[in-house]
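Notes follow the structure.
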Amino acid sequence: IQNSSNTNTSCNNNNKKEKMQQPEELKNEQKHILDVMSDGHIRVAVVGNVDAGKSTLIGTLCHCKLDDGNGSNRLLVSKFKHEIESGRTSTITTHLMSYDAEGNTIIPPKSVGRYGEHYLAINAHERTASLIDLAGHERYFKTTIQGLSRGMADFALVLVNASQSLTYMTIHHLQLCHMCGIPVIVVITKVDAAPPDVLQHSRKKIAEALRSPEIGKKPYAVRNEADIATVCDKTHALAPLFEISCVTGEGLDLLRKLLFVLPKRRLHSKKMDRPFEFLIEEVFEGVTGVGTVLSGFVNAGHARKGDTLYIGPLKDATFMKTVAKSIHVAQTLVDEVWAGHSACFAVSLSKAQRRMLSRKGMVMQKEPITPPAIAFTAEICLAKGDAVTMVKGQTQTTMHILHLKQTCKLDDFEIIDASGAALIKPSAVEQKRLARQPTVLRPGQRARAKFSFLQGPQYIRKGMRVILREGHVRGIGLIKDVHISEEEEAA
């Protein structure tokens with residue numbers, strides 16, 4: 001969500017500004033911002049190993065300012081003091097870019113202060129892009145997985161330091177993006193500081209990793225605008241390869257051009273007719289003049305200011321009732337939102353209700369029509385590589401399901417083939433023998449598995465993607481069936 005805290009605190013200032021405008025002008029302004037932040041908006045995850053220059057690149061692209069070689073542009077996007085001091089990103093932050101009709105990056109003037117997103121959105125022609133800055137250090141890899149799981153990314157920029165070649169963390173990032181179905185754009189950074197032979201070695205290793213069976217992409221070096229026209233519609237098979245320097249500016253114009261012409265991959269407009277579903281990612285308490293603010297992503301349907309909404313599920317599988325007092329998109333007060341928007345809702349809650357908002361993975365709906373689930377069945381494929389087995393009835397693993405992160409227990413499974421059909425069952429004698437031994441899943445196998453939540457019921461649906469994590473990514477799959485509580489099944 002783009003600078004959610006700034007969005008919340010800007011509520012009163014935007015209200016005063018909009019009261020001075022004519023109703024028709026205000027209506028047109030809201031419509032333009034809502035359109036450009038949905039139909040013309042793409043989300044780009046920025047991943048890569050530590051010291052690859054992710055935050056520096058984002059600062060350079062968003063502010064159109066070259067770096068001084070000591071990370072000056074990184075300070076423009078760092079969020080916490082320890083990130084500034086160590087140079088290592090540990091959180092998920094999102095930064096907005098916008099383009100005019102000619103494809104030039106719009107730079108907000110200093111006079112707009114903290115409200116740059118409103119300026120960028122109102123002055124954008126048809127394209128805006130959110131750059132999601134994710135952690136590169138292995139210590140924060142779980143945060144990176146969460147960012148990719150909930151970020152609804154259309155594409156991913158995978159950064160590689162030209163002087164360090166390909167590290168095992170970069171390979172993990174490439175495989176994670178591939179398993180999530182996110183097209184990758186490889187960016188070799190700091191080419192001004194790399195000797196020619198080292199740079200050539202890095203190119204070779206990157207090409208080998210992209211062509212590997214685990215990823216299966218063909219690298220395509222982008223050297224001019226004609227190459228951009230070639231790759232922009234073929235990212236499912238090609239991996240565009242850029243060589244840039246944030247100090248000299250080499251390759252930056254081509255990268256900006258690609259972000260301008262890339263087609264939107266996630267068509268949230270197809271989910272407009274579904275019931276309203278708002279995935280809550282952050283909760284802000286005690287915002288001055290506003291109260292409680294929920295930031296997140298509108299995954300389906302639409303909602304208006306003043307609508308009665310339900311937040312949950314709580315620990316007892318119930319939902320609490322509230323009212324949407326106001327809605328913000330890109331630091332702008334709007335009357336409605338629909339599928340595809342990142343938004344903030346100011347809601348009316350009692351003191352007792354606010355205590356219940358500490359639970360992660362909640363959603364907001366117009367009607368709690370989908371009962372919370374205590375378990376689910378998913379078709380999963382374990383990642384090849386590390387020799388990690390999953391034992392039926394014993395294994396507990398962390399599951400990432402969109403914005404939800406929860407510990408689950410493997411209750412049961414059956415081995416399946418690539419088409420999803422169950423393999424031939426063993427004979428009766430073989431079944432008796434296997435019953436005396438723990439049944440295990442090994443890397444590379446596919447299975448239809450049943451998992452149960454250990455921390456109470458959760459909101460999930462069929463078709464949601466799940467990521468299994470035990471330190472690193474252990475597998476991925478899709479939910480095929482949802483199991484609710486026995487009482488609700490009987491009803």
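The opening position of the sequence shown corresponds to residue 1 in the UniProt record's numbering, with each subsequent residue numbered one higher. Virtual Cβ for every residue (Gly too), placed ideally from N, Cα, C.
Problem set entry | Three-way DSSP call (helix, strand, coil) for residue 64 in this model | coil
Exercise. For residue 321, which beta-bridge partners are listed by DSSP?
Worked result: 310
Exercise. Which runs of the alpha helix (DSSP H), 4 residues or longer, sit entirely within the segment 108-152?
Worked result: Within the segment 108-152, the complete alpha helix (DSSP H) segments of 4 residues or longer fall at 116-123 and 141-150, listed in chain order.
Exercise. If you compare alpha carbons, which of 448, 404, 459 and 461 is closest to residue 469?
Worked result: 404
For this session: Find out if the Cβ-Cβ distance for the pair residue 129, residue 42 is shorter than 8 Å.
Result: yes
Problem set entry | Secondary structure of residue 250, DSSP reduced to three states | coil
For this session: Verify whether the separation of the beta carbon atoms of residue 381 and residue 453 is less than 8 Å.
Result: At least 8 Å separates the beta-carbon of residue 381 from that of residue 453.
Exercise. Smallest Cα separation from residue 389: which of 235, 194 and 439?
Worked result: 439
For this session: List the DSSP bridge partners of residue 481.
Result: For residue 481, which the question treats as bridged, DSSP gives the partners 377.
For this session: Helix, strand or coil for residue 457, going by three-state DSSP, please let me know.
Result: coil
Exercise. What's the C-alpha gap between residue 252 and residue 53?
Worked result: 13 Å
Exercise. Between which two residues does the beta strand (DSSP E) containing residue 365 stretch?
Worked result: 363-365
Problem set entry | Rounded separation between residue 363 and residue 282 - CA only | 11 Å
For this session: Leaving out five residues on either side along the sequence, give the residues of the same chain with a beta carbon under 7 Å from the beta carbon of residue 475.
Result: 380, 381, 382, 383 and 468
Exercise. Is residue 135 near residue 171, with beta carbons less than 8 Å apart?
Worked result: no
Problem set entry | Simplified DSSP assignment, three categories, for residue 242 | strand
Exercise. Does the separation of the CB atoms of residue 33 and residue 334 fall below 8 Å?
Worked result: yes
Problem set entry | For residue 37 and residue 341, the rounded distance between their alpha carbons | The C-alpha of residue 341 lies about 6 Å from the C-alpha of residue 37.
Exercise. In three-state DSSP terms, what is residue 303?
Worked result: strand
Exercise. Given a threshold of 16 other Cβ atoms within 10 Å of its Cβ, counted over all protein chains shown, does residue 98 qualify as buried or as exposed?
Worked result: buried
Problem set entry | Those runs of the beta strand (DSSP E) which lie wholly inside the segment 36-83 and span at least 3 residues | 41-48
Problem set entry | Alpha carbon of residue 437 to alpha carbon of residue 397, nearest angstrom | Its pLDDT being 48, under 50, residue 437 is placed unreliably in this model, and the value from its coordinates should be taken loosely. Those two C-alpha atoms are separated by around 21 Å.
Problem set entry | Sufficient close CB pairs (3 or more, under 8 Å) joining the segment 207-221 to the segment 54-65 | The answer is no - the segment 54-65 does not touch the segment 207-221, with fewer than three Cβ pairs under 8 Å.
Exercise. Relative to the C-alpha of residue 258, which residue among 105, 357, 48 and 198 is closest?
Worked result: 105
Problem set entry | the segment 312-319 touching the segment 354-363, judged by at least three CB pairs closer than 8 Å | The segment 312-319 is in contact with the segment 354-363.
Exercise. Out of 406, 349, 393 and 343, which has the shortest C-alpha to C-alpha gap to residue 373?
Worked result: 406
Problem set entry | the segment 177-194 / the segment 237-251 touching (three or more Cβ pairs under 8 Å) | yes
Exercise. With C-beta atoms as the reference, is residue 330 less than 8 Å away from residue 24?
Worked result: no
Problem set entry | Contact under 8 Å by Cβ, residue 276 with residue 302 | Using a Cβ distance threshold of 8 Å, residue 276 and residue 302 count as a contacting pair.
For this session: Reducing DSSP to helix, strand and coil, say where residue 290 ends up.
Result: coil
Problem set entry | Per DSSP, cross-strand counterpart(s) of residue 408 | 397 and 453.
Exercise. To the nearest angstrom, how far is it from the Cα of residue 307 to the Cα of residue 248?
Worked result: 51 Å
For this session: Starting from the Cα of residue 141, find the closest Cα among 90, 377, 295 and 57 and give me that residue.
Result: 90
For this session: For the alpha helix (DSSP H) holding residue 219, just list the boundary residues, first then last.
Result: That residue, residue 219, is in no alpha helix (DSSP H); its beta strand (DSSP E) goes 218-221.
Exercise. Taking buried to mean at least 16 other C-beta atoms within 10 Å of its own C-beta, is residue 83 buried or exposed?
Worked result: buried
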